[in-house]
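K.L.:
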Amino acid sequence: MEKINWNELPFGYIKTDYNVRCYYRDGKWGEIEISSSETINIHIAATSLHYGQEAFEGMKAFMGKDGKVRLFRWEENATRMQKSAKGIMMPELPTKVFKNMVTKAIKLNTRFVPPYGSGASLYIRPLLIGTGAEVGVRPANEYLFIIFVTPVGPYFKEGFKPVDMLLTREFDRAAPLGTGSIKVGGNYAASLTSMKKAHDKGFANVLYLDAKEKKYIDECGPANFFGIKDNTYITPESSSILPSITNNSLLKLAQHLGYKTERRAVPIEELETFEEAGACGTAAVISPIKRIVDDENGFEYNYGSEPGPISSLLFKKLQAIQLGDEKDEFAWVYIVE
Ligand SMILES: *Cc1c(COP(=O)(O)O)cnc(C)c1O
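Under our numbering, the first residue of the sequence shown carries the number 4, and numbering increases by one thereafter.
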């Protein structure tokens, strides 16, 4: 293969050697299949194509200093994918099969796991799609679960640097009783116009408000939001927020480090009181927020152009655990052997 420049990797797709697949037919999951093809052949009337019967996950594997490949909290991803599947009437993939397939996908592509110290990692993308043909609106009778992997560089080329967010009332990502709490492609399609608006105005992403009252903070693009004040890590609670595993881990780390933590509704007015703010998710771990601009009244909330001390500490700790540089006190890391 052509040499990969690990230090210059974009956050994008690069072809690897293999992906793994499993079909659901006649009411049951089949054998795990290994494929070297980057394409799938599905029916033109597949429900995933027409009615959005699709769910996915995102996780990362890291090469440690010791040459061991570490996977972060994979069980959480397996469970969340089961919830997503259930939420749009797809069959749930058993945790054991999920684990089997993730480890296979990594081991078959070991040469694509970026080296320790490069800042890059192996991104793992599980997806579940309705493949059965339907024209009427109903769940498919056949499904395909795939895991592919691709080496990725850091999400932000500039590194751990605060970014600007646009607070807008013009768009919602998800409805209170909709699909916001599960990881389905439809939510992402629904977020594209607002994201474009934010990008065009020079912002990293959109800060969404709760869809019903427009009073509370919801998500920050495809990432969870957190604010820090008075030694307290505060993150919004809402039925339309996707439960981020990174957010959950940061919250637990914060607790462990002696900070207080709160998961509750966060009114817009509270933005003014935060000492630090950030967005979090697998892709970037933490994107510290420099500025939030309200597009209705031009009001600005400023958190500084350098990452705050607690955000920096949490970021470093979590990354150290993922890389195996620090003791894994929470049993979050699985070594792929
Ligand atoms: C995937 C996702 C996140 C981040 O979740 P992690 O488990 O931390 O990667 C946050 N918000 C949305 C909408 C997501 O889809």
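Beta carbons are placed, not taken as given, at the ideal position from N, Cα and C, and that holds for glycine. It should be emphasised that the depicted structure is a prediction, and the values quoted were computed from it without experimental measurement.
Compare the C-alpha of Asp297 against each of Thr264, Pro310, Asp167 and Ala177 and name the closest.
P.N.:
When each option's Cα is compared against that of Asp297, the closest is Asp167.
K.L.:
Please classify Leu212 as buried or exposed, where buried requires at least 16 other C-beta atoms within 10 Å of its C-beta.
P.N.:
Burial call: buried.
K.L.:
Under the three-state reduction of DSSP, which class applies to Tyr191: helix, strand or coil?
P.N.:
Here Tyr191 sits in helix by DSSP.
K.L.:
Which residue's Cα is closest to the Cα of Pro142: Lys99, Met104 and Met93?
P.N.:
Considering only alpha carbons, the answer is Met93.
K.L.:
Would you say Ser247 touches ligand 1, meaning its beta carbon is less than 6 Å from a heavy atom?
P.N.:
Yes, the Cβ of Ser247 comes within 6 Å of a heavy atom of ligand 1.
K.L.:
Would you list the residues sitting across from Pro270 in a DSSP beta bridge?
P.N.:
Paired residue(s): Tyr219.
K.L.:
Given that a residue counts as buried once 16 or more other Cβ atoms are within 10 Å of its Cβ, and exposed if not, what is Asn305?
P.N.:
Exposed: under 16 other Cβ atoms inside 10 Å.
K.L.:
By alpha-carbon positions, which one of Glu275, Lys186, Glu309 and Asp69 ends up nearest to Pro246?
P.N.:
When each option's Cα is compared against that of Pro246, the closest is Lys186.
K.L.:
Could you have a look at Thr238 and say whether DSSP puts it in helix, strand or coil?
P.N.:
Looking at Thr238 - three-state DSSP - the assignment turns out to be strand.
K.L.:
Return the CA-CA distance between Gly61 and Asn300, expressed in angstroms with no decimal places.
P.N.:
Computed Cα separation, rounded: 36 Å.
K.L.:
I'd like to know whether the C-beta atoms of Ala136 and Ala48 end up nearer to each other than 7 Å.
P.N.:
Against a cut-off of 7 Å, the Cβ pair of Ala48 and Ala136 comes out as a contact.
K.L.:
Within the chosen definition, does the segment 72–92 reach the segment 126–135 through at least 3 CB pairs nearer than 8 Å?
P.N.:
With the cut-off at 8 Å, the segment 72–92 and the segment 126–135 touch.
K.L.:
Taking only runs of the beta strand (DSSP E) that begin and end inside the segment 155–186, which ones reach a length of at least 3 residues, in chain order?
P.N.:
Listed in chain order, they are 166–170.
K.L.:
At 3 residues or longer, and completely inside the segment 237–322: list those beta strand (DSSP E) runs for me, N to C.
P.N.:
With a minimum length of 3 residues, the continuous beta strand (DSSP E) runs that stay inside the segment 237–322 are 263–267, 279–284, 288–297 and 303–305.
K.L.:
By how many angstroms is the C-alpha of Lys319 removed from the C-alpha of Tyr158?
P.N.:
Approximately 16 Å between the Cα atoms of the pair.
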